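>
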Amino acid sequence: MAPSSDTDWQKHMGDDTVNEMACQELVEVITDYLEGTLPKSDRARFDAHLATCPGCREYLEQMRALIRLSGSLTAKSIEPATRDSLLRAFRRWRDSQTSV
Amino acid sequence: MTLRIIGISGGDLRGQNTESYSSARRKPARGLSTGALTDRETPPGIACHVPVTNGRYKSAVAVKTGDRASEAELIDRLRCGDQATFTWLIDTYSPSLKRLALAFVSLEAVAEEVVQETWLAVLTGIGRFEGRSSLKTWLFKILTNRAKTRAVREKRTVSFSELEPEDGDGRALSPERFLPPDHPSFPGHWSTSPHPWSAVAEQAVLRRETMEVLRRGLENLPRSQRTVVMLRDVEGWPAHEVCAALELSEANQRVLLHRGRSRLRAILETYFAEDA
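Sequence lines, in order, name chains A and B.
By my numbering, the letter at position 5 of the first sequence is numbered 5, and the numbering carries on one by one without gaps.
By my numbering, the letter at position 47 of the second sequence is numbered 1047, and the numbering carries on one by one without gaps.
(1) Per DSSP, which one or two residues make a beta bridge with F1178/B?
(2) If I follow the unbroken alpha helix (DSSP H) through W1088/B, where does it start and stop?
(3) Can you grab the Cα-Cα spacing for the pair S41/A / R1265/B, in whole Å?
(4) Using the Cβ count rule (16 or more neighbours within 10 Å means buried), how would you classify L1107/B?
(5) F1178/B touches chain A at which residues, Cβ-Cβ below 8 Å?
(6) Quick one: what's got a C-beta closer than 6 Å to S1262/B's C-beta in the same chain, skipping five residues either side?
(7) Between which two residues does the alpha helix (DSSP H) harbouring S41/A extend?
(8) In terms of alpha-carbon separation, which member of A1245/B, G1217/B, P1175/B lies closest to E69/A?
(9) Could you tell me the alpha carbon to alpha carbon distance between W93/A and M1211/B, rounded to whole angstroms?
(10) For a test of the three-state rule: what should DSSP assign to F1129/B, helix, strand or coil?
(11) Expressed to the nearest angstrom, what Euclidean distance is found between the alpha-carbon atoms of A44/A and E25/A?
(12) Can a CB atom of chain A be found closer than 7 Å to the CB of W1277/B?
(13) Show which residues of chain A have a CB atom less than 9 Å away from the CB atom of R1254/B.
(14) Nearest to N1220/B by alpha carbon, out of A1244/B, E1113/B, H1189/B, G1260/B?
(15) With distances taken between CB atoms, is the gap from A1151/B to F1104/B smaller than 7 Å?
(16) Say whether chain A places a C-beta atom closer than 7 Å to the C-beta of H1189/B.
(17) Can you say whether Q1203/B is buried or exposed, counting buried as having 16 or more other CB atoms within 10 angstroms of its CB?
(18) Quick one: grab the DSSP three-state call for R1171/B.
(19) Establish whether the CB of T52/A and some CB of chain B are separated by less than 7 Å.
(20) I need the straight-line Cα distance from L1074/B to S1134/B, nearest angstrom please.
(21) With a 10 Å radius around its C-beta and 16 neighbouring C-beta atoms as the bar for buried, classify G55/A as buried or exposed.
(22) Quick one: grab the DSSP three-state call for I1210/B.
(23) Would you say R88/A lies against chain B (beta-carbon separation less than 7 Å)?
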């Protein structure tokens, strides 16, 4: 997002301008950032960009919300009939163990 | 079967449900009596010294977190024929096993069979299991081997190591979302800042519908992305376990996770934009 305040503007036009991370780059390295695999120098650029960009802060929070929501999805388990048949198989197995 | 052993007082528990097993085991021995060793009792030659009920939950949690000592207890109980332990294992791991099976085979019924075969293989193999890998790793190794065999029979791709065309061009967002590279002041910056929804995404009032949108989005992801996102974010596996189960490099695992998550975020974005 384009910086709005004077302070943001100065940060954008500072010495780090060349090296500054753009929003388009940030959204592509965000997984590496969250995974902790982003190289140290890029991590610093990432953090520096976040500090000045509310759009990217929101994007990061959206990713985090997505991950939390995914974590609360539940998986479908096996059919009750499969479960019953496994428990029967277990009892047969146990009986064959003890009768050895 | 009925073994008659002097000195073991098990009582005849035949026909009772498993939950009574633990309480029966805590009964004080009646000295030198002759009792029938029932099918609920310890197989000969295996010391089953572990209290079955009280420690179960604790060790079950420990197994999930990879505590080897507690895992050994659990394996011990399984070898002893404790049905409650087996029930706990199948209830805990079958959803993940089925999900992983669906990464290789297309039909849910086939995935179900693969899971069933896996548990049967666990029963025949548990006696030889030496604990060199974790129980979980061993379990998922059995599953992937079987699922791959089925996939080959179905003539489906079993490899995750190559990115597929359906995995997309690799962009998290379309270039139109950003100012062009030749923009005088802010190349590559948002052309329009993302519509904010992170603060409302988890609100209870929207939750059921949000989860449904997410579930559908996940189901529609390309196979390799879906599998990685499911194992990582839904099942909560660490990266290295996903890499091992799918024989993926760390880098490719991250690429698939990134593309999958980026697509899901975009789906939620659309959903919350419609909602607004």
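Positions of the beta carbon are idealized from the N, C-alpha and C atoms, including for glycine.
As the structure is a prediction and not an experimental result, all values here were calculated from the model.
Walking through what the data contain:
(1) In the DSSP secondary-structure assignment, F1178/B is bridged to W1190/B.
(2) 1083-1101 is the span of the alpha helix (DSSP H), which, as asked, contains W1088/B.
(3) About 26 Å.
(4) Residue environment: L1107/B is assigned as exposed (fewer than 16 neighbouring CB atoms within 10 Å of its CB, all protein chains considered).
(5) Contact note: F1178/B reaches chain A through A22, C23, Q24, using a C-beta cutoff of 8 Å and chain order.
(6) Cβ neighbours of S1262/B beyond the five flanking positions: A1172.
(7) Counting along the chain, the alpha helix (DSSP H) containing S41/A begins and ends at 40-52.
(8) In the sequence as displayed, the identity of residue 69/A is Leu instead of Glu. Among A1245/B, G1217/B, P1175/B, the Cα nearest to that of L69/A is on G1217/B.
(9) When only Cα atoms are considered, W93/A and M1211/B end up about 40 Å apart.
(10) Residue state, collapsed to three classes: coil.
(11) Cα to Cα, A44/A sits roughly 14 Å from E25/A.
(12) Absent from the model: residue 1277/B. The displayed extent of chain B is 1001 to 1276, so no value can be given.
(13) One finds T31, D32, E35, T37 in chain A with Cβ atoms closer than 9 Å to the Cβ of R1254/B, taken in chain order.
(14) Checking every option, the nearest Cα to that of N1220/B belongs to G1260/B.
(15) Yes, they are a contact pair.
(16) Cβ-Cβ to chain A under 7 Å: yes for H1189/B.
(17) Label assigned to Q1203/B: exposed.
(18) Coil, per DSSP.
(19) No, because no Cβ of chain B sits closer than 7 Å to the Cβ of T52/A.
(20) Approximately 12 Å between the Cα atoms of the pair.
(21) Per the 10 Å Cβ criterion, buried.
(22) One point to set straight first is that residue 1210/B is Thr, not Ile, in the sequence displayed. Of the three classes helix, strand and coil, the one that applies to T1210/B here is helix, per DSSP.
(23) For R88/A, the answer is no, since every Cβ of chain B falls outside 7 Å of its Cβ.
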